[in-house]
Ligand code: B12
Ligand SMILES: Nc1nc2c(ncn2[C@@H]2O[C@H](COP(=O)(O)OP(=O)(O)OP(=O)(O)O)[C@@H](O)[C@H]2O)c(=O)[nH]1
Ligand SMILES: [Mg+2]
């Protein structure tokens, strides 16, 4: 009898110390029945990819409010793929200017969320990304 | 290459995926464990338990760092946190304290949720340690959920159990509940940089003197399992009195001494024959759980849902007692 749960890594890459959003999202995902591994602040892309591998997560959620997302996100995606985690979905939240949205989507980011994003939408999008 | 070969070759992605299958109770996990079982039995399992916030994760971080610096051993860490009883979800935060260990290919940290288990571990924790054991990890450290007094499953799993206490957790004696104290092979007074260490240590000493030397007896399904053969117990020199060790896990103070105590305990287990006894106890727990679930499955196959519900209805109507019902359902095979 299999008992599958969605496992999500919520990580704060770079030197950005804004952790409220990451914690809000982590709690919301827990309340939606997911298992959330929280890494804490100041994670390098290497640390995040390593944690994602060891934890065999289904989703990597990045919270970036520092403006460094265009440097951090591609590197993390590259490392995930290099480790063979090709099925892992990446979601990003924080302060992400509109002009970066299309490039992030092209890179394969599954969802991007800014200030005021509803956690219900985030939960629905994550769940839907596993349907079908 | 088969999963088994990949695991034995140290493939981390294969191990990560196998751990998930074991955790999810998937059939592939079971078949891999069958093949891997012959390669288990080598690792030293160290349990770390204690009240919430006493510094278990910080201590595990320091222990692993120390082992990596002084001995070239492969370390696996299984950190268990509680699942929400309402939503089944969990936030697993132990990794936050273990960031010093990242970037070391000989350390593997895995977080897991209890998924409804109450004893301080998850149901699949023991099987996950088997996967690490087969994969060649020399030391497997298991951090339990923040435990109060009844979460003592760790003592049935680990060779060496550390119970972590910290000063300032309210009333000293109250904080140290008997149940959890009894499973300690080593008592750690962490946060020794805080005021009140002496009091905590004194309280622990007093409780130890009351409690020891005692035989370790585990209750399992109502029957007691002795883990120390009476003959061996006769020799006083073979009695292990849990030492009390002070640590400051935020700085690493006292860790070398603690590691020394852990090594002494392992040596004691080997000399006294307790190592094998504990191994056997652990496997017996596993075997009995499997027998129980397989008997239950067989029962479900033998007895139709319809008949079962009819009998249940009779019981609810007070037309049949549960004892008679079991006799009826088991075709008189009740003993
Ligand atoms: C509170 C706050 C702080 C607090 C942070 C407290 C904390 N521990 O988090 C303090 C005062 C410490 C702070 C400091 C600074 N801040 Co500030 N801060 C804010 C502020 C006002 C609100 C952020 C917040 O907590 N929002 C509430 C949470 C719930 O929202 P959120 O994080 O956006 O999260 C939501 C979504 O983004 C998304 N989401 C977020 N993470 C994730 C993750 C996943 C996986 C998903 C799916 C979704 C998701 O979902 C969440 C729910 O809706 C913002 C302005 C703003 N309106 O955003 C500035 C802001 C982020 N800060 C800013 C700056 C510049 C700083 C400082 C550098 C200021 C300074 N010069 O000292 C420092 C840097 C601190 C550091 N070490 O990094 C700038 C960033 C500018 C930029 N990126 O270009 C902002 C945008 C203000 C501004 N307009 O200039 N800050
Ligand atoms: N002063 C002091 N603080 C410590 C020490 N060890 C841990 N802490 C702090 O205590 C808090 C809890 O530490 P953790 O390691 O997360 O404790 P834990 O027992 O794993 O907590 P749970 O897993 O939630 O039960 C953190 O803020 C640590 O920094 C110590 O030796 N001294
Ligand atoms: Mg912890």
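Residue numbers (my numbering), protein chains in the order written: chain A, 1 to 132; chain B, 1001 to 1335. Yeah, the Cβ is synthetic: ideal placement off N, Cα and C, and Gly gets one too. Note that the structure is predicted; figures quoted are calculated from it, not measured.
**Prompt:** From this set, B:1086, B:1082, B:1061, which residue's C-alpha is nearest residue 1075 of chain B's C-alpha?
**Reply:** Closest option to residue 1075 of chain B, Cα to Cα, is B:1061.
**Request:** My understanding is that residue 60 of chain A touches residue 9 of chain A, with C-beta atoms under 8 angstroms, so please give their C-beta distance in whole angstroms.
**Result:** Contact between residue 60 of chain A and residue 9 of chain A holds: CB atoms are separated by about 5 angstroms, below the 8 angstroms threshold.
**Message:** Could you check whether the Cβ of residue 55 of chain A sits closer than 8 angstroms to any heavy atom belonging to ligand 2?
**Reply:** Not so, every heavy atom of ligand 2 lies at least 8 angstroms from the Cβ.
**Prompt:** Under three-state DSSP, which class holds residue 69 of chain A?
**Reply:** Helix at residue 69 of chain A.
**Reduced DSSP category for residue 1070 of chain B - H, G, I as helix; E, B as strand; rest coil** = Assignment of residue 1070 of chain B by DSSP, reduced to helix, strand and coil, places it in the helix class.
**Message:** Nearer than 8 angstroms: is that true of the beta carbon of residue 1093 of chain B relative to any heavy atom of ligand 2?
**Reply:** Yes, the beta carbon of residue 1093 of chain B sits closer than 8 angstroms to at least one heavy atom of ligand 2.
**6 angstroms CB neighbourhood of residue 1219 of chain B in its chain, flanking five on each side removed** = Legend: pLDDT at residue 1219 of chain B = 43, less than 50; position of this residue unreliable, value from coordinates given subsequently. Counting only Cβ-Cβ distances below 6 angstroms, and skipping sequence neighbours, we find nothing.
**Item:** Proximity of residue 1192 of chain B and residue 1254 of chain B at Cβ, strictly below 9 angstroms
**Value:** Yes. Within cutoff.
**Asked** Taking any heavy atom of ligand 2 as the mark, which residues have a C-beta closer than 6 angstroms to it, listed down the chain?
**Response** Put simply, the residues with a CB less than 6 angstroms from any heavy atom of ligand 2 are B:1052, B:1053, B:1054, B:1055, B:1056, B:1057, B:1058, B:1094, B:1097, B:1146, B:1190, B:1191, B:1193, B:1194, B:1248, B:1249, B:1250, in chain order.
**Prompt:** Looking at the structure shown, is residue 1271 of chain B part of a helix, part of a strand, or coil, going by DSSP?
**Reply:** Reduced to three states, the DSSP call for residue 1271 of chain B is helix.
**Request:** Report all residues from its chain with a CB closer than 7 angstroms to the CB of residue 1286 of chain B; omit the five preceding and five following residues, and keep chain order.
**Result:** Correct list, in chain order: 1126.
**Prompt:** Could you give the residue range of the alpha helix (DSSP H) that holds residue 98 of chain A?
**Reply:** Its alpha helix (DSSP H) spans residues 98-107.
**Asked** For residue 1217 of chain B and chain A, any beta-carbon pair shorter than 9 angstroms?
**Response** Low per-residue confidence applies at residue 1217 of chain B: pLDDT is 44, beneath 50, and the placement is therefore not dependable, though the value from the model is reported in the following sentence. Contact of residue 1217 of chain B with chain A is not assigned, every C-beta pair being separated by 9 angstroms or more.
**Request:** Examine chain B for any beta-carbon lying closer than 9 angstroms to the beta-carbon of residue 113 of chain A, and answer yes or no.
**Result:** No, residue 113 of chain A does not count as interfacial toward chain B.
**Item:** residue 1132 of chain B: CB within 8 angstroms of a non-hydrogen atom of ligand 1
**Value:** For residue 1132 of chain B, the CB stays at least 8 angstroms from every heavy atom of ligand 1.
**Request:** Can you have a look at residue 1217 of chain B and say buried or exposed, based on whether 16 or more other CB atoms are within 10 angstroms of its CB?
**Result:** Model confidence at residue 1217 of chain B stands at a pLDDT of 44, short of 50, so the residue's coordinates are unreliable; what they give is reported in the following sentence. Counting C-beta atoms within 10 angstroms of its own C-beta, residue 1217 of chain B has fewer than 16 neighbours from the protein chains shown and is therefore classed as exposed.
**Prompt:** Between residue 39 of chain A and chain B, is there a C-beta pair that is closer than 9 angstroms?
**Reply:** Yes - at least one Cβ of chain B is within 9 angstroms of the one on residue 39 of chain A.
**Prompt:** What is the residue span of the alpha helix (DSSP H) that residue 1012 of chain B lies within?
**Reply:** Segment 1012-1023, the alpha helix (DSSP H) holding residue 1012 of chain B.
**Item:** Buried or exposed by the 16-neighbour rule on C-beta atoms within 10 Å, applied to residue 115 of chain A
**Value:** Counting Cβ neighbours within 10 Å, residue 115 of chain A comes out exposed, since fewer than 16 surround it.
**Asked** Cβ of residue 1151 of chain B versus every heavy atom of ligand 3: is any distance shorter than 8 angstroms?
**Response** Outside the cutoff, so no.
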